[in-house]
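This report concerns only the one structure given below.
Structure follows, in structure tokens:
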């Protein structure tokens, strides 16, 4: 049985490295000759291969090749994945010596997490990649990312990024996660007109300048920064979810413009007046705990509201909202 399996693996190796089939280029053959063949053989049997038929004048069969690699410090570059023909999804986790050199050119989805990456140099080869996740590395240098013109979803959370100027020209980006970095300037994001989901929580942001024209955003995370002024957000009328916890916010009057808002979190700020919230007729979830709120009249006509946290405020009179029968989660613990 083992001999049979070995023969199958060898056959697959021949298919990807040395056959004359249309799927194998001379470039791949050359790369295979210089790459560690033991590494290729090791992951040959772990490939996930799906065959799909592209309907058309002549039905065309294509292969979607995926690979998951865990805790292998022998990997120095992504050349082996290119040789193996990985074109659908590549996931690499806890491989401490890997770099983005020789990245597969036609791959659709890449996850390289917890690998100690310090730079994105080499990522320019992934210019056809739609989804890229480089979470939990040590990246400070964003070299090459300006070439990722087709990338739709980019996760760079939990790195050491301070400057995001390389992200200026992302024409197709819809989701960008920059949570837990060292970013203070959001102005380079001003041209990302297709952006729908943005997370810049846990950074060093004081000003929201740069976000004024990003009117396509429906979900925005700004938690744990140093934000005071929300005025740059006023044109984001499509917002459905907004998270502003742990800032220094006092004035929330601009929030009255967000008629589509369903989830709003304002925990741990300096808010006293919540009158602007009475315009949020679609609001379903509200967390305004740990603030300085005294009056709750603004909430009395929000009939869609079913989850409210008003704990740790200065409220003494709850009568304006006592009639709310829809409240499923109604937290009023320990007013200050």
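In the numbering used here, the protein residues as written are 963 to 1298.
Quick reminder that beta carbons are idealized off the backbone N, C-alpha and C, glycines included.
- Secondary structure of residue 1005 (DSSP, three-state): helix.
- No alpha helix (DSSP H) of 4 residues or more sits fully in the region 1047-1126.
- Between the alpha carbons of residue 1237 and residue 1143 lies a distance of about 34 angstroms.
- Boundaries of the alpha helix (DSSP H) harbouring residue 1041: 1041-1045, taken from the DSSP string.
- Residue burial annotation: residue 1116 is buried, with at least 16 other C-beta atoms found within 10 angstroms of its C-beta.
- Your pair residue 1208 and residue 1225 does not check out as a contact, with CB atoms roughly 16 angstroms apart and the cut at 8 angstroms.
- According to DSSP, residue pairing for residue 1026 in a beta bridge involves 1012.
- Only exposed fits residue 1210, as fewer than 16 other CB atoms lie within 10 angstroms of its CB.
- Taking a C-beta distance under 8 angstroms as the contact criterion, residue 1082 and residue 1106 qualify as a contact pair.
- Less than 8 angstroms separates the beta-carbon of residue 1062 from that of residue 1085.
- Exclusion of the five residues before and after residue 1203 leaves 1181 and 1225 as the residues of its chain whose Cβ lies within less than 6 angstroms of its Cβ.
- Comparing C-alpha distances from residue 1027 to each of 1034, 1006 and 1140 shows the shortest one belongs to 1006.
- With a 10 Å radius around the Cβ and a threshold of 16 neighbouring Cβ atoms, residue 1111 comes out exposed.
- Residue 1259 has no beta-bridge partner at all, per DSSP.
- Going by DSSP, residue 1274 is part of no beta strand (DSSP E) at all; its letter is neither H nor E.
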